[in-house]
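J.: Below is one structure. I have some questions about it.
Protein chains: 2
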Amino acid sequence: MKNKVKLFPGDAKEQLTKLPSNSVDLIFTSPPYAERRMTTYGGVSQHEYVEWFMPIADELHEVLKPTGTFVLNIKESAFNGERSTYVLELILKMREHGWLWTEEFIWHKKNSYPGKWPNRFRDSWERLLQFNKERQFNMYQEEVMVPMGDWAKSRLKNLSQTDKVRDPSRVGSGFGKNISNWINRDMAYPTNVIHLATECNNKNHPAAFPEELPEWFIKLFTKENDTVLDPFMGSGTTVLVANRMGRNAVGIEIVPEYLEMVRERIENAEPVLF
Amino acid sequence: MKNKVKLFPGDAKEQLTKLPSNSVDLIFTSPPYAERRMTTYGGVSQHEYVEWFMPIADELHEVLKPTGTFVLNIKESAFNGERSTYVLELILKMREHGWLWTEEFIWHKKNSYPGKWPNRFRDSWERLLQFNKERQFNMYQEEVMVPMGDWAKSRLKNLSQTDKVRDPSRVGSGFGKNISNWINRDMAYPTNVIHLATECNNKNHPAAFPEELPEWFIKLFTKENDTVLDPFMGSGTTVLVANRMGRNAVGIEIVPEYLEMVRERIENAEPVLF
DNA sequence: GTTCCGCATGAATCGATAG
DNA sequence: ACTATCGATTCATGCGGAA
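Chains as they are written, first to last, in the working numbering: chain A, 1 to 274; chain B, 1001 to 1274.
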């Protein structure tokens, strides 16, 4: 059975009311940042941002399963020599509205936007704010394990040369004790810092983030046949990756051209237009 | 002339009143985090943290030069499944008290604290919040330039082979114009993500951060004979590095054992005890 | 077929200029 | 004075044409 892709044209706040309550396992989205995307989205002012976003956050809370997770990709820009504070205020307001602020991941962008200024360096990281409805949520940590760093590999290689032949009964020495946990193991759990390139200009699809980014969180917070939602679909990276990974996907997009573009790219997956 | 090191025993808020106004070029410090260091510092509650810190922030504002910078190393930990919000509230309150929140650097710790939990990964980053009194402050960007990526080195090497001999009068072609900026260049400006190991275990001095961390900011925000202040000196990494780099250093520490330890380590630099 | 090189282009930011 | 627009700055990446 093919996984479903549903595409909703229109405003996020309105379209979200059409989704059933407690039906989504993961929300991964990157809303338009304050004062950005003037041409396509009209640009939300930094002072109105929290007020603009919270009704949407409330609807997202409604459609998310109690075991589900909401990952919000955002980064405040510099304004008159200072960083804007609206993201901080947004986090505080989200908690007032019942969301748990579980974690803040860092996306470390390898290739940040160039430029030089007298008072700051290039901005090469973005926030990935994890919110939950409940303290108990689904997390499949083994799905995102990474190969161990060379430091560990080489250390273990040398370690095994000398220690493999040790009498296993010599446990409790504080060192040999842990060897069994490390031998034959070349994978480690990742951290809350994700290091990826931006990959902006692939096939004339302007994407805010590389496919690896939603892929990582989809692997971490959903299993096959779960449902992934992106209420600010844009060029559709999240929806496309979710579909490719055997998840059901729901996308909302207000710009008709973007929605049509996604519909064409995903044609073989039977998208359902409402 | 040797640079001076002044060590003040006692509480940060009280001792700061003994420093002259507008006398410090850089404040670099890592205060006790909320609910941490119970045994040595008494442990400040996360709910009282902002209230506890702001009087100190006011004194720091008083002693910092208008062209100076305040770098605050801090990271909220998880409590009952959520990240604490006191750091966010602190940033907002600092702005209310007249500080400019210029930038947030990320310290990406290569070898973060080990551990495994069902609902989160290891925390491998900390905030380095940059605050200023004025929009115009001293910043010596050339001091912290880093080698360019290999890709660029090889490509620029080839570039210079062909373009060095170009007629310099061919300006305005959009490309040749900038060649002079790039020829013989193998260094680039860094970003706002700092990637360092933790190095906690040097010479039985428990340090919150590696020497490279204050070193980077001291290079960036001060020149020789400037004054660096750490109001929560701890094992004295900031003060020691500043002294070694030819800066005057001021350290405040409430725990006598730590202060004495620093005094011994820095003996050859004529510390002045008050 | 590879490898190499030219080039466009990004959730950027500041300072100057114009209305 | 306060806001909108524009040019200059800069670096990693992928693409396409050339060697």
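Where a beta carbon is used, it is the ideal one built from N, C-alpha and C, also for glycine.
Quick one: using the 10 Å Cβ neighbour count with 16 as the cut-off for buried, is glycine 115 (chain A) buried or exposed?
T.: When all chains shown are included, glycine 115 (chain A) counts as exposed.
J.: How would you write the range of the beta strand (DSSP E) that glutamate 1126 (chain B) sits in, first residue to last?
T.: 1125-1132 is the extent of the beta strand (DSSP E) around glutamate 1126 (chain B).
J.: Threonine 222 (chain A) and leucine 26 (chain A) - do their beta-carbons sit closer together than 8 Å?
T.: Result yes, Cβ atoms of leucine 26 (chain A) and threonine 222 (chain A) sit closer than 8 Å.
J.: What residues from chain A crowd round lysine 1116 (chain B), counting only those whose CB sits closer than 7 Å?
T.: Those within 7 Å of lysine 1116 (chain B) in chain A are Tyr189.
J.: Give me the DSSP bridge partner(s) of isoleucine 1106 (chain B).
T.: Answer by DSSP bridge pairing, in chain order: B:Arg1127, B:Val1193.
J.: At what residues does the alpha helix (DSSP H) containing leucine 275 (chain A) begin and finish?
T.: Residue 275 (chain A) lies beyond the residue range present for chain A, which begins at 1 and ends at 274; the question has no answer from this structure.
J.: Suppose contacts are defined by Cβ-Cβ distances below 8 Å. Is glycine 1098 (chain B) in contact with histidine 1061 (chain B) by that definition?
T.: Taking 8 Å as the Cβ cut-off, glycine 1098 (chain B) and histidine 1061 (chain B) qualify as a contacting pair.
J.: State the DSSP-derived secondary structure class of valine 1087 (chain B), mapped to helix, strand or coil.
T.: Helix at valine 1087 (chain B).
J.: For arginine 37 (chain A) and glutamate 1270 (chain B), I'd like the C-alpha separation in whole angstroms.
T.: Straight-line Cα distance between these residues: approximately 57 Å.
J.: Which residues of chain A have a Cβ atom closer than 7 Å to the Cβ of isoleucine 1106 (chain B), listed in chain order?
T.: Those are Ile106, Trp125, listed as they occur along chain A.
J.: Please go through the same chain and pick out, in chain order, the residues whose beta-carbon is closer than 7 Å to the beta-carbon of glycine 81 (chain A), but skip the five residues on each side of it.
T.: Asn119.
J.: With H, G and I counted as helix, E and B as strand and the rest as coil, what does DSSP make of leucine 1019 (chain B)?
T.: In the structure shown, leucine 1019 (chain B) sits in coil (DSSP, three-state: anything other than H, G, I, E or B).
J.: For the 8 Å Cβ check, are there 3 or more pairs between the stretch 1221-1237 of chain B and the stretch 256-263 of chain A?
T.: No, the stretch 1221-1237 of chain B does not touch the stretch 256-263 of chain A.
J.: Does the beta carbon of isoleucine 91 (chain A) come closer than 8 Å to any beta carbon on chain B?
T.: With 8 Å as the cut-off, isoleucine 91 (chain A) counts as an interface residue toward chain B.
J.: Three-state secondary structure (DSSP) at arginine 244 (chain A)?
T.: Looking at arginine 244 (chain A) - three-state DSSP - the assignment turns out to be helix.
J.: What are the partner residues of valine 250 (chain A), as DSSP defines its beta bridges?
T.: Paired residues: A:Lys6, A:Leu229.
J.: So, is the C-beta of tryptophan 52 (chain A) closer than 8 Å to a C-beta in chain B?
T.: No, tryptophan 52 (chain A) does not count as interfacial toward chain B.
J.: Cβ of arginine 1120 (chain B) less than 8 Å from any chain A Cβ?
T.: Yes, contact with chain A.
J.: Among the residues of its own chain, which have a CB less than 6 Å from the CB of leucine 129 (chain A), if the five just before and after it don't count?
T.: So the list reads Leu72, Glu104, once near-sequence residues are dropped.
J.: For methionine 1139 (chain B), go through chain A and note every residue whose CB falls closer than 7 Å to its CB, in chain order.
T.: Correct list: Pro118, Asn119.
J.: DSSP on threonine 1222 (chain B), reduced to helix/strand/coil?
T.: Coil, per DSSP.
J.: Would you mind reading off the limits of the beta strand (DSSP E) that contains phenylalanine 70 (chain A)?
T.: Taken as a continuous stretch (DSSP letters only), the beta strand (DSSP E) holding phenylalanine 70 (chain A) covers 64-74.
J.: Below 8 Å, how does it come out for the stretch 231-245 of chain A and the stretch 133-146 of chain A: are there three or more Cβ pairs, yes or no?
T.: Verdict: no, contact absent.
J.: Out of A:Glu253, A:Val255, A:Lys219, which has the shortest C-alpha to C-alpha gap to arginine 244 (chain A)?
T.: Nearest option by C-alpha distance: A:Lys219.
J.: Using 8 Å as the threshold, is the C-beta distance between asparagine 3 (chain A) and glycine 236 (chain A) below it?
T.: The answer is no: Cβ separation not under 8 Å.
J.: Would you call the CB atoms of tyrosine 1086 (chain B) and glutamate 1076 (chain B) closer than 8 Å?
T.: Yes, the Cβ-Cβ distance between tyrosine 1086 (chain B) and glutamate 1076 (chain B) is below 8 Å.
J.: Please classify serine 1271 (chain B): does DSSP put it in a helix, a strand, or coil?
T.: It should be pointed out that residue 1271 (chain B) corresponds to proline in this sequence rather than to serine. In this structure, proline 1271 (chain B) counts as strand in the three-state DSSP scheme.
J.: Which of the three DSSP states is assigned to arginine 95 (chain A) in this structure?
T.: Arginine 95 (chain A) falls in the helix class under three-state DSSP.
J.: Below 8 Å on the Cβ atoms is my guess for alanine 1057 (chain B) versus serine 1045 (chain B); work out the distance and round it to an integer in Å.
T.: Contact doesn't hold; Cβ gap of about 18 Å is too wide.
J.: Taking all protein chains shown into account, decide if leucine 1088 (chain B) is buried (16 or more other Cβ within 10 angstroms of its Cβ) or exposed.
T.: By the neighbour-count rule (16 or more Cβ atoms within 10 Å), leucine 1088 (chain B) is buried.
J.: Let me see if you follow: with CB-CB separation under 8 Å, is tryptophan 1216 (chain B) close to chain A or not?
T.: It does not: the Cβ of tryptophan 1216 (chain B) has no partner Cβ on chain A nearer than 8 Å.
J.: How many Å lie between alanine 1197 (chain B) and glutamate 1126 (chain B) at the Cα?
T.: About 12 Å.
J.: Taking Cβ positions only, does threonine 162 (chain A) come closer than 8 Å to chain B?
T.: Unreliable placement is indicated for threonine 162 (chain A), whose pLDDT of 33 sits below 50; no coordinate value is reported for it.
J.: In chain A, which residues lie with their C-beta within 9 Å of the C-beta of asparagine 1192 (chain B)?
T.: Chain A residues near asparagine 1192 (chain B): Ser112, Arg120, Phe121, Arg122, Asp123, Ser124, Trp125.
J.: Does the ligand MG have a heavy atom nearer than 7 Å to the CB of threonine 1102 (chain B)?
T.: Because no ligand of any kind appears in the structure shown, any question about the ligand MG cannot be addressed here.
J.: From threonine 1227 (chain B) to lysine 109 (chain A), what distance separates their C-alpha atoms?
T.: Distance between the alpha carbons of threonine 1227 (chain B) and lysine 109 (chain A) is about 34 Å.
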